[in-house]
Each structure stands twice: as structure tokens, then as C-alpha cells.
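Undergrad:
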Amino acid sequence: MDGIESLRHAIETIPIPGAPPRLSRRGAAVGLALLDTSLRLNHVRRLTERLTVVEHGTARRSTEVDVSLKLLDEGQRQATAELQDLIGQEHGERAASRPARQRSLWVPLARLPRRDVSPIDVFDSAGQKLPRLTQHEASRLVAAGLYRLLRGILAGDENAQTAKHELNTFLFQVHEPRWLIQQALLTLLTERNHPEEEFTLAPAAGTVAGYGRQCRELALDILSGCADLLVEYAYLLNVAVRDYMLVVALDDSVEEHRLSYETPLHVDARQPVAKEQWRRLAASRRGYVVSYETMIPATLKSYHLVAGTAPQAEISRMYLSTDADQHQVDGLAEDLLSLAERQDAAPLQEADGARHKILELQAQTVLRRLADLVRRRKWEAGQSGVELSARSLPACHRLAAAATTGEAVRTGTNELDNSLRRHPEFTAANLREAARELTEREFGQDLVLVNGIVDNEARAYWRRSGGRDPRGDHVRIRATLVLKDSTKSGPLNVTFYALAVATVSFVLGWMLVGSPWPYGRAATEALGHIGDGQSVITMLLLLPGFLYSRLSLPPRRTVLGYLGTLPQALVQLSIAAIAGFAAAVATQSRGEVVQVTLTVAVGLPVLAALVLFGQASWRESAIPLSRIGAPRWAGSGAWDRRKPLEADVRFDSSGGW
Amino acid sequence: MSVRGQRISVRNVADLARAGFEIARQPVTKVDFEVHHAVARPGYLRELVTTDSESTVFLETLCSATNGAGVVIGTRTRKPLDGTEVVERVDGQQPAERPEQNAGGWVFHQTTSPNPTFIYESAQTFEGLIAIDPAAHEVYEWHGLAVRDLVREISDAASSLVDAPLLSLQCPAQLPTLVKTRNHDLRTRKEVAPPCASLAVRFSIALRDASAAARFDLADRFRELCEKHGFSFWLADTRPGHRQGNWFEVYHADGEFSPLYKGDLRSRQRIGTVLPVTFVGPARIGSTDAIVSFLQRYPQVGVVGCAATTLSDVAFVHLQLAIHGVAADRLNRILGKLLGESTTPARPHKLLRELFKRLGLPPDPDGPSPAAQDPTGDYQTFTGPAFAYRAHQMPDCMAVWVSWEIARQQRGLAAPLDCLYRALAQVAPRVSPETTGSAGDLATVEYLICRATEQSVVRGKAKLAVPKSVLRQFSSGGVELPASKLCASLEEAWKAHVDQSGVDGVGELTVAWRESWLGHWTYS
Numbered sequence: 001m002d003g004i005e006s007l008r009h010a011i012e013t014i015p016i017p018g019a020p021p022r023l024s025r026r027g028a029a030v031g032l033a034l035l036d037t038s039l040r041l042n043h044v045r046r047l048t049e050r051l052t053v054v055e056h057g058t059a060r061r062s063t064e065v066d067v068s069l070k071l072l073d074e075g076q077r078q079a080t081a082e083l084q085d086l087i088g089q090e091h092g093e094r095a096a097s098r099p100a101r102q103r104s105l106w107v108p109l110a111r112l113p114r115r116d117v118s119p120i121d122v123f124d125s126a127g128q129k130l131p132r133l134t135q136h137e138a139s140r141l142v143a144a145g146l147y148r149l150l151r152g153i154l155a156g157d158e159n160a161q162t163a164k165h166e167l168n169t170f171l172f173q174v175h176e177p178r179w180l181i182q183q184a185l186l187t188l189l190t191e192r193n194h195p196e197e198e199f200t201l202a203p204a205a206g207t208v209a210g211y212g213r214q215c216r217e218l219a220l221d222i223l224s225g226c227a228d229l230l231v232e233y234a235y236l237l238n239v240a241v242r243d244y245m246l247v248v249a250l251d252d253s254v255e256e257h258r259l260s261y262e263t264p265l266h267v268d269a270r271q272p273v274a275k276e277q278w279r280r281l282a283a284s285r286r287g288y289v290v291s292y293e294t295m296i297p298a299t300l301k302s303y304h305l306v307a308g309t310a311p312q313a314e315i316s317r318m319y320l321s322t323d324a325d326q327h328q329v330d331g332l333a334e335d336l337l338s339l340a341e342r343q344d345a346a347p348l349q350e351a352d353g354a355r356h357k358i359l360e361l362q363a364q365t366v367l368r369r370l371a372d373l374v375r376r377r378k379w380e381a382g383q384s385g386v387e388l389s390a391r392s393l394p395a396c397h398r399l400a401a402a403a404t405t406g407e408a409v410r411t412g413t414n415e416l417d418n419s420l421r422r423h424p425e426f427t428a429a430n431l432r433e434a435a436r437e438l439t440e441r442e443f444g445q446d447l448v449l450v451n452g453i454v455d456n457e458a459r460a461y462w463r464r465s466g467g468r469d470p471r472g473d474h475v476r477i478r479a480t481l482v483l484k485d486s487t488k489s490g491p492l493n494v495t496f497y498a499l500a501v502a503t504v505s506f507v508l509g510w511m512l513v514g515s516p517w518p519y520g521r522a523a524t525e526a527l528g529h530i531g532d533g534q535s536v537i538t539m540l541l542l543l544p545g546f547l548y549s550r551l552s553l554p555p556r557r558t559v560l561g562y563l564g565t566l567p568q569a570l571v572q573l574s575i576a577a578i579a580g581f582a583a584a585v586a587t588q589s590r591g592e593v594v595q596v597t598l599t600v601a602v603g604l605p606v607l608a609a610l611v612l613f614g615q616a617s618w619r620e621s622a623i624p625l626s627r628i629g630a631p632r633w634a635g636s637g638a639w640d641r642r643k644p645l646e647a648d649v650r651f652d653s654s655g656g657w
Numbered sequence: 001m002s003v004r005g006q007r008i009s010v011r012n013v014a015d016l017a018r019a020g021f022e023i024a025r026q027p028v029t030k031v032d033f034e035v036h037h038a039v040a041r042p043g044y045l046r047e048l049v050t051t052d053s054e055s056t057v058f059l060e061t062l063c064s065a066t067n068g069a070g071v072v073i074g075t076r077t078r079k080p081l082d083g084t085e086v087v088e089r090v091d092g093q094q095p096a097e098r099p100e101q102n103a104g105g106w107v108f109h110q111t112t113s114p115n116p117t118f119i120y121e122s123a124q125t126f127e128g129l130i131a132i133d134p135a136a137h138e139v140y141e142w143h144g145l146a147v148r149d150l151v152r153e154i155s156d157a158a159s160s161l162v163d164a165p166l167l168s169l170q171c172p173a174q175l176p177t178l179v180k181t182r183n184h185d186l187r188t189r190k191e192v193a194p195p196c197a198s199l200a201v202r203f204s205i206a207l208r209d210a211s212a213a214a215r216f217d218l219a220d221r222f223r224e225l226c227e228k229h230g231f232s233f234w235l236a237d238t239r240p241g242h243r244q245g246n247w248f249e250v251y252h253a254d255g256e257f258s259p260l261y262k263g264d265l266r267s268r269q270r271i272g273t274v275l276p277v278t279f280v281g282p283a284r285i286g287s288t289d290a291i292v293s294f295l296q297r298y299p300q301v302g303v304v305g306c307a308a309t310t311l312s313d314v315a316f317v318h319l320q321l322a323i324h325g326v327a328a329d330r331l332n333r334i335l336g337k338l339l340g341e342s343t344t345p346a347r348p349h350k351l352l353r354e355l356f357k358r359l360g361l362p363p364d365p366d367g368p369s370p371a372a373q374d375p376t377g378d379y380q381t382f383t384g385p386a387f388a389y390r391a392h393q394m395p396d397c398m399a400v401w402v403s404w405e406i407a408r409q410q411r412g413l414a415a416p417l418d419c420l421y422r423a424l425a426q427v428a429p430r431v432s433p434e435t436t437g438s439a440g441d442l443a444t445v446e447y448l449i450c451r452a453t454e455q456s457v458v459r460g461k462a463k464l465a466v467p468k469s470v471l472r473q474f475s476s477g478g479v480e481l482p483a484s485k486l487c488a489s490l491e492e493a494w495k496a497h498v499d500q501s502g503v504d505g506v507g508e509l510t511v512a513w514r515e516s517w518l519g520h521w522t523y524s
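Chains as they are written, first to last, in our numbering: chain R, 1 to 657; chain Y, 1 to 524.
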């Protein structure tokens with residue numbers, strides 16, 4: 001249920017108050033300032049996330065935040081300072097009784113999804129734990145603020161002053177529906193739990209709407225009647241209900257703070273066993289693919305993502321991609337299409353009229369934006385060492401050139417005409433093609449490819465380029481890394497082990513038969529009557545068993561274990577094969593049976609060794625970027641028709657927004 | 001509308017929380033404001049903001065002066081201490097405000113509810129400039145009708161075509177700088193400064209969906225209108241790297257006006273009286289349209305100047321009405337009596353209808369019929385006094401654009417404006433050998449806007465009319481133009497005065513004679 005639905009449900013189910021609920025007016029301002037600050041996070045200068053992936057399916061994420069109190073607005077600062085007094089007042093303390101230097105500001109650091117709420121410790125740079133605002137304290141303030149805002153929105157409506165109008169009645173005449181909404185907000189935000197599903201209380205037959213029913217209905221009607229006024233408000237309420245604000249007390253006398261905290265990472269649902277097993281087997285060749293998604297505020301000046309793993313593993317590839325330009329590119333594609341439409345409709349002959357001028361201005365605006373975007377992507381590609389050639393986006397390149405080179409055309413009267421519409425490349429077909437390319441090649445996604453990877457740690461750095469985004473939205477960050485076993489000793493050891501197992505079986509068979517070729521009538525005869533079966537079995541089980549104990553395979557839960565699933569499976573197969581041979585000997589089976597098990601006990605380990613050996617020689621070639629979901633404009637992505645690989649594990653902390 | 005426009009931006013949500021915070025932190029839930037209607041004489045704004053700076057603080061401000069009358073609007077001017085909530089009348093019949101009189105003008109103090117859902121995004125606007133009669137030196141009756149009809153068209157396009165609010169409206173306005181080249185050769189490029197103000201309407205419409213398609217629709221509508229009436233039309237240059245004050249010419253009129261306005265003999269008369277009227281209420285789509293379409297029902301009433309904007313989520317629409325055949329004295333007498341009655345309603349339609357009735361102006365029976373839904377039902381109207389029309393005080397003026405920033409908790413507009421005037425007096429102590437006054441005594445603020453931005457600062461921009469004869473002092477020596485030299489030395493002097501005054505938090509001072517050069521030092 002989203003915010004407004006929960007509110008409606010609360011209005012339906014809570015008791016109708018007979019007096020206005022206690023809400024503090026100063027608290028309302030503070031609550032709204034907290035919401036505003038936590039949405040904007042304008043005081044966060046740098047965000048560094050450290051992601052450590054050692055075990056399969058879990059990761060540690062520690063976040064470091066550089067906060068500058070200078071960047072808080074005057075209003076936000078005032079509100080956060082007031083919060084200290086508000087908390088004290090509830091317990092009868094006076095602001096004056098506290099020494100001035102002990103003042104602290106309560107500052108929101110992040111919004112965390114409520115569903116995986118867990119105790120979080122925030123440390124300052126000296127390693128001291130910082131005091132945190134409890135959810136209960138914050139939610140009372142937010143509830144008061146949300147009510148004041150709702151009332152403010154409704155009072156600004158044109159019908160608020162109209163006598164006899166429902167809104168006027170609600171705001172100024174009848175009190176209970178208003179109190180009901182206040183109480184519902186308070187209940188919704190301060191209760192520990194939220195409604196998951198709506199429940200309805202059945203009305204009795206033969207009744208009409210009484211006083212209580214009318215109150216509830218008036219409140220609900222106001223909410224639905226003003227729904228178009230409340231679009232943004234509904235989002236805000238959703239934030240307040242679904243998210244949980246991390247608010248800490250910071251020393252006011254220090255401007256710059258560096259804080260760190262650890263938060264759990266949410267892993268998406270487990271896969272079916274068979275699929276999981278198949279993915280594990282495939283992983284040893286292509287690597288362990290981790291994808292990580294998060295949201296950051298667009299005002300953030302700098303974002304770092306540091307990925308690390310166990311010392312025995314290495315990061316073979318890592319890239320970071322954001323949708324910071326997605327909105328711009330979507331708009332650009334749409335604008336190119338409407339330009340094409342107009343270009344078709346307006347013939348070039350009337351190239352002097354006002355209609356031509358309007359089209360010309362739009363054409364130049366749109367194409368210059370396109371040219372700048374192409375330039376930026378080219379610089380990005382160059383930095384990442386991938387290719388962005390004119391072959392993959394031909395129309396975009398042609399139009400960008402037309403907009404940038406500043407070429408003019410000579411008209412019939414030998415006049416110079418700077419008009420872009422007269423440029424030979426400015427055709428409706430090119431415009432449509434460019435719009436298609438932008439969407440198809442995922443041009444809205446930027447790319448940071450991490451090149452300097454030091455063993456088991458990779459660092460990606462991102463910041464917004466291309467000026468301020470007029471919308472200032474949140475930016476979705478998507479990072480993918482591919483982990484590999486760096487020691488290479490695991491598969492190698494397993495190869496040797498398999499060869500050793502094969503050799504033991506082969507040598508034993510040779511000795512039992514008396515010839516290296518254990519087939520034929522004589523051999524079958526010899527294998528059917530083994531004299532000292534006990535010793536053979538001891539030999540068969542002791543030696544491989546001893547070797548197995550020296551093999552030191554990584555635990556299954558770790559990433560290394562995940563990567564080593566295939567070698568491990570091959571080891572187990574080899575042991576099974578040799579155990580089968582031993583069993584055949586032990587039961588004094590017929591010669592043919594022993595012959596077959598001997599063949600398997602030799603052949604299977606040899607095959608396993610071959611498989612592992614083969615893999616070791618292929619694995620050097622890196623996995624192509626397009627296969628791990630990098631934007632399709634980068635490198636050979638435009639031509640790669642294969643589906644991108646699914647990640648082995650996905651961490652998503654974007655909170656479902 | 002496309003999907004793009006419907007995506008909720010987190011910033012808009014944060015802006016809503018911010019607006020709610022502004023409401024919740026005030027002692028009163030409403031926004032208080034002041035409207036001054038005064039005679040436009042040099043230095044009137046300076047006196048206004050500096051003399052009683054102890055009692056009122058002008059932070060977010062709109063100011064405009066033309067035809068001999070000026071308006072100054074300031075929001076949240078009240079000090080927190082004297083905040084008492086005005087008792088609300090639930091029946092919505094708020095009486096019209098009785099003005100306070102001060103030197104040469106009327107002052108109105110009132111409060112109104114803001115509309116916190118009105119989210120203003122400056123980056124996505126459709127800006128245009130339509131010149132009605134740029135060559136005119138005096139304002140004629142037909143100009144008033146043309147401006148009125150044009151404002152109606154603009155507000156109608158905004159509300160009906162793109163369902164968006166009108167963010168600002170200004171008349172008269174400065175036309176774009178003329179750029180001339182010979183034979184398309186870059187080396188022959190010349191710039192000619194346009195007159196300080198011309199009879200033109202400059203407007204900006206908020207776009208929820210900033211797509212090219214929406215811009216085409218709007219531009220086409222205005223193009224048709226301009227071609228029909230013979231008005232020149234410019235669009236704000238939207239190409240990357242262009243700013244406010246960069247214009248792109250779409251249609252150039254050759255001086256042939258449509259017979260609609262020129263047919264009547266009466267309409268060729270010069271106007272005699274201007275009546276300032278300011279409408280204030282919660283910002284919402286279609287309010288300007290409702291007001292102007294009401295005025296269209298009175299064929300004797302023209303609009304000869306306008307200034308409209310939204311400050312603190314409250315819409316302010318200021319119109320200068322020219323009423324045919326009514327002298328200023330008679331108008332003021334009737335107005336004084338009307339406002340003295342306690343039953344006079346404040347609602348725009350009701351107050352104006354009553355005023356026009358007493359003036360003996362019947363509504364045009366063939367005119368547009370009143371709309372069923374009135375978005376200005378809770379607006380307040382502040383009228384008068386009427387002033388005698390005066391053409392430009394200074395026939396030959398150049399425009400000097402200035403911009404500045406002040407921290408929000410400071411004393412507001414007083415310090416930067418006072419320093420600017422002192423700097424003007426210092427830079428040009430004698431405007432010309434014939435007259436005695438300095439530039440500081442003769443310069444008028446023609447347009448000024450101060451707006452609070454996200455980052456707790458208030459940004460201001462103003463256009464000053466300075467007599468052109470000042471330039472003579474700067475004409476000798478150097479490669480730069482005299483106007484640039486004036487601006488550069490004015491900027492230096494202004495900065496020095498601000499430093500000397502010891503006022504904290506004033507910064508980013510720039511002076512330029514081209515609007516698009518603001519925010520940059522003078523010699524680029």
C-alpha cells in the first residue's frame with residue numbers, strides 16, 4: 001500500500017477524535033525541514049560506498065559521508081538547531097540551561113527503506129559513535145509537518161473561500177474530519193507497523209450513513225476531490241511512510257564532518273536449486289557477476305564506489321553506469337521526432353517566413369544539445385578505453401557535425417545562408433534515424449569503466465557532467481563487477497588430483513591384469529578373480545582420500561567456493577568413479593563389471609583434467625562489456641546480439657523508488 | 001501531454017516540503033505583503049526601501065515604473081514580532097482594503113494564502129517578446145487595447161494550450177540588441193543598443209513538458225497573432241550557451257498595423273490617466289486570463305503597462321489601466337468613496353464592475369461572457385490612486401542592467417540599492433553640462449525583481465534608465481564602447497560602496513548594458 005492508500009485506510013479505521021490531537025507547530029516546521037533535507041541532501045559533499053563481496057549472496061557496505069554544515073540552507077539550519085530544543089522541551093528542559101558550546105545540529109544523512117530496518121551505528125572521523133534521533137521522535141514531527149502542509153495546500157485552493165463548498169466546510173466549519181486526518185497521519189507515522197493490506201469492516205444491513213460515517217466520508221472525499229492538487233504531496237507522504245530517516249547529532253562548531261556507517265544490503269530472491277546449480281557451474285569459466293544498484297541525489301558533488309573482495313579473488317572487470325542523462329536523452333529523441341514531423345510539413349521554399357524561423361531555432365537548439373551529448377560520450381568512451389565510432393551511431397554523428405561545424409549554404413541569389421534547415425544533412429530521415437539510435441543504443445546511460453584495478457580492490461569515481469540538471473532528480477547508479485579466482489591454484493590442484501586418481505586406478509589395473517591394456521579374455525578372467533581384494537580397496541581409497549584432504553577446497557558459501565563449483569564437482573565425480581571401482585572389487589563382481597568400473601575410474605578423472613586444462617587456457621580473454629549489461633553504445637555493444645548475462649547476485653538498495 | 005511531464009521529480013517534492021516549511025515556520029499561516037502605488041520619479045524606490053528600513057524589509061520584491069506611475073510589491077515584509085493572524089471571514093466576502101496614504105502614493109498591507117503546490121521551475125520556460133509599436137514615443141488609446149488583447153492571448157495560450165501558469169509578464173520592455181553585419185562577414189559585426197523601454201510585452205510561461213512539440217504549438221500561436229496584427233515577435237534563445245536577454249527574431253513587422261485598432265478616430269488620442277491596479281492571490285493557472293478577459297468586456301478600458309510574477313507562491317498581477325475619457329481627479333474621488341465603504345468587495349470582478357459602474361461604463365453586451373469557473377474568486381484587488389499620464393521623464397535614456405545577491409537574513413534590498421545609487425552619483429556627478437543633477441538623482445528603476453532561490457540567497461535583477469548624456473564623459477580614449485566603460489566603472493564603484501557599508505552577505509554584483517551579460521564582469 002502506498003502512502004495515500006494507507007492514509008485512507010487509517011481514516012477508515014481509527015476512532016474519531018473529539019478534540020484536536022496534540023501536534024506542535026514548531027515541530028511541524030522542523031519535521032518538514034527534515035523531510036526537505038533528507039530528499040535534497042544538499043549538505044552531503046561526497047559519498048563513498050565501500051562494497052565488500054566475500055561470501056555468495058551477502059555483502060558488506062560501509063558508507064562514508066562528507067557533510068558540510070555550511071551547505072545547509074538558512075531555514076534547514078534553523079530547523080535542525082530547533083530540534084534540539086524541541087526534544088529537551090518534552091522533558092521540561094529549558095534551552096537557556098544548556099551551555100552554548102554544547103549545541104548540536106540534528107542532520108539527516110540518508111533515507112533508508114523501512115523494510116530492512118536494523119540498528120545502524122554512525123561513527124565520526126574519530127571513531128566515536130554519534131547520537132541518533134529515534135524514529136518515534138522524528139515521526140511525530142513529520143506527522144505535524146505533513147498535516148500543516150496538507151492544510152496549506154487545501155487553503156490555497158480557489159474553493160477554500162467559497163461559502164458552502166465542501167472544502168470550505170472541511171477547513172473552517174466542521175472540525176471532526178480535519179482532526180480525523182490529523183489523527184490518521186499521526187497514527188500512520190508513529191505506529192511501529194504499517195498496514196500491509198486493507199481490511200474492511202462490513203456494514204450492517206438496513207442502516208444509513210450516520211454522524212461518524214459522514215465525518216469519515218467528508219475526509220475521504222476531500223482527499224480524492226483534491227487528488228490533482230496532491231500529486232507531489234502523495235509522493236512526500238509515501239517517502240514519510242516507506243522510508244526511514246537516518247538523523248544524527250553533529251557538533252555545530254565544526255563545519256566539516258566525515259561520518260561512516262554500515263548498512264545491510266538487500267539481496268533479491270533466491271533462484272530455484274537447479275538453475276542455481278547450473279549458474280554455479282558456468283561461473284567458474286566466466287566469473288562471478290555482481291550487480292549493485294543504488295540511488296543518489298543529483299546534487300551530490302562526488303560519488304565513489306570502492307569494491308573489494310577476498311584476497312584470493314580478483315576483480316577482472318568493473319563498470320559503473322548511471323541514468324543521469326536519461327531524461328535529457330528521452331527528451332532529445334522525442335524532440336528529434338517532432339522536428340522531423342515539422343520538417344516534412346514545412347517545405348524549404350518558404351524559408352524566410354516566421355514559421356521557418358521557429359523551426360530553425362528549435363532545430364539549432366535540439367541539434368546543439370545532441371552534438372554536445374555526442375561529444376561528452378566520446379570523451380567518456382576515450383577515458384574508458386572503449387570505442388564509440390561513427391559506424392555505431394551514423395545519423396547522430398552526421399547531425400552533430402551539421403550543428404557544430406558552422407557551415408553555411410549559398411542560396412540561389414548567391415547570399416550566404418547560415419540556416420541549419422538548409423544543411424544537406426538536415427533531413428527528416430536523418431532526424432528519425434538519430435532518434436532511433438539514441439533509444440536503441442541506450443545513449444542515456446553514461447559509463448565509467450574502471451581500468452586501474454589493484455588486485456582485489458577497484459575504485460570508480462563519478463560526478464555529474466554537463467551542467468545542472470533542471471529537474472535535479474535522483475540518479476540511479478548501476479555498477480557491475482566480475483570476480484575471478486586470482487590464485488588459479490584451485491583448478492590446477494584439481495587437475496593434478498584427477499590425474500593422480502586416474503594414475504592410481506590405472507597402475508592398479510595394470511598390476512592386477514599384468515598388462516597396461518586391461519581388456520580381452522585374459523584380462524577379464526584376471527579381474528574376475530582378484531585374490532586380495534582388501535588390499536586393493538585400501539589402496540584405492542587411501543591414496544585419493546589422503547590427496548583429497550590436502551586439496552583444501554574453499555568453503556561453498558564463499559565467492560571462491562562459488563567460482564570453484566566446477567572443479568569441486570569434478571573432484572567429487574573422480575572420487576565417485578574410484579569408489580565405484582572399489583565397490584566392484586569388494587563385492588567380487590564379475591570380470592566385465594570390474595573392467596567397466598576400472599575404465600570409468602581411469603577415464604573420468606582424465607576427462608575432468610582435460611576439461612579443467614582446457615578452461616585454464618581459454619579464460620584469459622575478458623568477458624565483453626555488452627555481455628554484462630554496459631550501455632549498448634560502448635564498444636561492440638551495438639553489434640552484440642546476445643542477451644546480457646544475468647548477474648549471479650544482485651544487490652539493490654534503491655528502495656524500490 | 002506526454003509521459004515525460006507526468007514523471008514526479010524528487011526536487012519538486014522537496015520544493016513542496018520547503019514551501020510547507022515556509023508556511024509552518026511563520027507565526028501566521030498566510031503570506032503578508034505590501035503593495036505601493038506611487039508616482040514614478042527618479043529615486044522613488046530608493047527612498048521607499050531605505051527610509052523605513054527599520055519597520056519593513058523588502059526581500060522578495062517586484063517593482064515596475066512606467067507612464068508616470070510605479071508599483072513596488074514586497075512579500076514577507078513584516079517583522080516576526082508584529083504578526084497577528086487576520087480574522088478570517090468564512091463566507092469569503094472579504095471587504096476591499098482601504099489604503100494608507102503616504103508621500104505621493106497609496107500603500108496596501110494585506111495577507112493571503114500561498115499555493116504551495118505551485119512549483120516554479122525557472123529552467124523550463126517559454127519566453128517571448130512581442131513588440132506592439134516600438135517606434136511610439138507616447139501611448140495612445142489603441143495601444144492600451146492592443147496590450148490588453150495581447151495579454152489576454154498570452155494568458156489564454158498558457159492556460160488553455162499547455163495548461164501552465166504564466167510566470168512573468170512585463171510591459172513595456174526593452175527590445176533585443178540590434179546586431180548588424182555586412183555581407184555576412186564576422187569582422188563587420190556591430191551592436192546597437194535598443195532604447196531603454198519600448199511598447200512591447202515580454203512574458204514567460206512555465207512548461208511542465210519542455211518538449212519541442214509544446215514549444216512549436218505555443219510559438220505558432222503567437223506567430224499567427226503577430227502576423228495578423230503586425231507585431232514583431234522574438235523568442236528567447238534556447239540554444240545551449242544562451243541566456244536570458246538573448247533573443248531570436250521570429251517575425252519582423254514592417255509598421256503596418258491591423259485595422260482592428262487603427263480604425264477608430266477616438267483610439268488615436270493620447271491617454272490622459274493611468275490607474276494602477278494590483279491583483280493578489282494564491283498562484284494558480286488561469287488567473288491572469290480571468291482578469292484580462294473580464295477587462296475585455298469594457299471597450300473603454302485599455303492596459304498600458306503590466307508587471308506580473310509569482311513570489312512565495314503568491315501571484316501578483318499589476319496592470320495599469322487607461323480609461324477613456326475619465327480624468328484623474330474624478331477617478332480618485334469616485335475611488336476614494338468606493339473604498340471608503342465597508343461593503344465594497346475585494347474580489348477582482350466585483351470591485352472592478354462596481355468601479356466601472358460608478359464611472360458610467362457599461363459592459364459591452366457583445367463582449368465575451370463571464371466564465372462559469374472563476375479562478376480569481378479568492379483574489380484581492382488593490383486599486384488607485386489614478387495618476388496623470390506622463391511620457392518618459394527622460395526622452396533619451398539608456399538601459400543599465402544590474403544584478404546582485406543578498407543573503408536571506410540580511411536587511412534586504414536597502415543596502416545594495418542605496419550603494420548603487422551612491423555609486424551612480426560618484427561615477428557620473430554631472431549628467432550633462434546643462435543640468436545640475438548627478439546620475440544618481442536622475443536614474444529611475446524601471447523594472448526590478450528579487451527572488452529567493454533554493455540556497456538561502458535572494459537574487460535580484462533590475463533595469464535602470466540612465467540619461468544617455470552621461471556617456472559623453474566616457475567617450476574619449478580606449479577601445480571599449482562608452483557604455484561598457486560606464487558599466488565597468490559603475491560596477492567597481494558599487495562594489496567599493498558595498499564593501500564600505502559593512503553590510504554582510506551582499507555579493508555577485510554585476511552591471512551591464514546588455515541583459516545577457518549579467519553575471520559576468522563587464523569586459524568579456
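Ideal Cβ positions, reconstructed from N, Cα and C, are used throughout, including at glycine. Keep in mind it's a predicted model, so treat the numbers as computed, not measured.
For residue 73 of chain Y, write down the residues that DSSP places opposite it in a beta bridge.
TA: Locating residue 73 of chain Y in the second sequence gives position 73, where the first residue counts as 1. Here residue 73 of chain Y is bridged, per DSSP, to Y:35 and Y:62.
Undergrad: Whole angstroms are fine: how far does the CA of residue 322 of chain R sit from the CA of residue 377 of chain R?
TA: Counting from 1 along the first sequence, the entry for residue 377 of chain R is found at position 377. Counting from 1 along the first sequence, the entry for residue 322 of chain R is found at position 322. Residue 377 of chain R and residue 322 of chain R: Cα-Cα distance of roughly 13 Å.
Undergrad: Taking C-alpha atoms, which residue in R:646, R:339 and R:651 lies nearest to residue 278 of chain R?
TA: On the first sequence, position 278 is the one that residue 278 of chain R refers to. Checked all of R:646, R:339 and R:651; the closest Cα to residue 278 of chain R is R:646.
Undergrad: Could you tell me whether the Cβ of residue 362 of chain R comes closer than 8 Å to any Cβ of chain Y?
TA: Along the first sequence, read from residue 1 onward, the residue named residue 362 of chain R stands at position 362. Closer than 8 Å to some Cβ of chain Y, the Cβ of residue 362 of chain R qualifies, so yes.
Undergrad: Can you check DSSP and say which residues form a bridge with residue 184 of chain Y?
TA: As a working mapping, residue 184 of chain Y is identified with position 184 in the second sequence. Paired residues: none, contrary to the question.
Undergrad: Output needed in chain order: residues of the region 13 to 29 of chain Y with a Cβ under 7 Å from some Cβ in chain R.
TA: For the region 13 to 29 of chain Y, which is checked against every Cβ of chain R, the residues closer than 7 Å are 13, 14, 16, 17, 18, 20, 21, 23, 24, 25 and 29.
Undergrad: Evaluate the contact criterion for the region 358 to 365 of chain Y versus the region 235 to 251 of chain Y: three or more CB pairs, one atom per stretch, below 8 Å.
TA: no
Undergrad: Could you tell me the boundaries of the beta strand (DSSP E) in which residue 335 of chain R lies?
TA: In the first sequence, the residue the question calls residue 335 of chain R occupies position 335. It is not in any beta strand (DSSP E) - residue 335 of chain R instead sits in the alpha helix (DSSP H) that spans 326 to 345.
Undergrad: Could you check what DSSP says for residue 210 of chain R in three-state terms: helix, strand or coil?
TA: Here residue 210 of chain R refers to the residue found at position 210 when the first sequence is read from its first residue. Here residue 210 of chain R sits in coil by DSSP.
Undergrad: Residue ranges of each beta strand (DSSP E) run of no fewer than 3 residues wholly in the region 325 to 387 of chain Y, ordered along the chain?
TA: 380 to 383
Undergrad: Across which residues does DSSP place residue 102 of chain Y in a beta bridge pair?
TA: Taking the second sequence and counting its residues from 1, the one referred to as residue 102 of chain Y is at position 102. DSSP lists Y:105 as partners of residue 102 of chain Y.
Undergrad: Classify residue 89 of chain Y: buried if its beta carbon has 16 or more other beta carbons within 10 angstroms, exposed otherwise.
TA: Numbered from 1 along the second sequence, position 89 holds the residue referred to as residue 89 of chain Y. For residue 89 of chain Y, the pLDDT reaches just 46, beneath the cut-off of 50, and the residue's location in the model is therefore unreliable, leaving the point undetermined.
Undergrad: Taking the beta carbon of residue 511 of chain R as the centre, do at least 16 other beta carbons fall within 10 Å, making it buried, or is it exposed?
TA: By one-based count along the first sequence, residue 511 of chain R stands at place 511. Flag for residue 511 of chain R reads exposed.
Undergrad: Taking residue 643 of chain R as the query, report the chain Y residues whose CB atoms sit under 7 Å from its CB, ordered along the chain.
TA: Stepping through the first sequence from its first residue, residue 643 of chain R is reached at position 643. Simply none; closest approach about 27 Å.
Undergrad: Note down the Cα distance separating residue 380 of chain Y from residue 345 of chain Y, rounded to an integer number of angstroms.
TA: Numbered from its first residue, the second sequence carries residue 380 of chain Y at position 380. Numbered from its first residue, the second sequence carries residue 345 of chain Y at position 345. If you take the alpha carbons of residue 380 of chain Y and residue 345 of chain Y, they lie about 9 Å apart.
Undergrad: Going along chain R in order, which residues have a C-beta closer than 9 Å to the C-beta of residue 349 of chain Y?
TA: Position 349 of the second sequence, counted from the first residue, corresponds to residue 349 of chain Y. Under the 9 Å cutoff, chain R gives no residues; its nearest Cβ is about 13 Å from residue 349 of chain Y.
Undergrad: Return helix, strand or coil for residue 81 of chain Y, following the three-state DSSP convention.
TA: By one-based count along the second sequence, residue 81 of chain Y stands at place 81. Here residue 81 of chain Y scores only 43 on pLDDT, less than 50, and its place in the model is too uncertain to base an answer on.
Undergrad: Identify whether residue 406 of chain R lies in helix, strand or coil by the three-state DSSP scheme.
TA: Stepping through the first sequence from its first residue, residue 406 of chain R is reached at position 406. The answer is coil: DSSP assigns residue 406 of chain R none of H, G, I, E or B.
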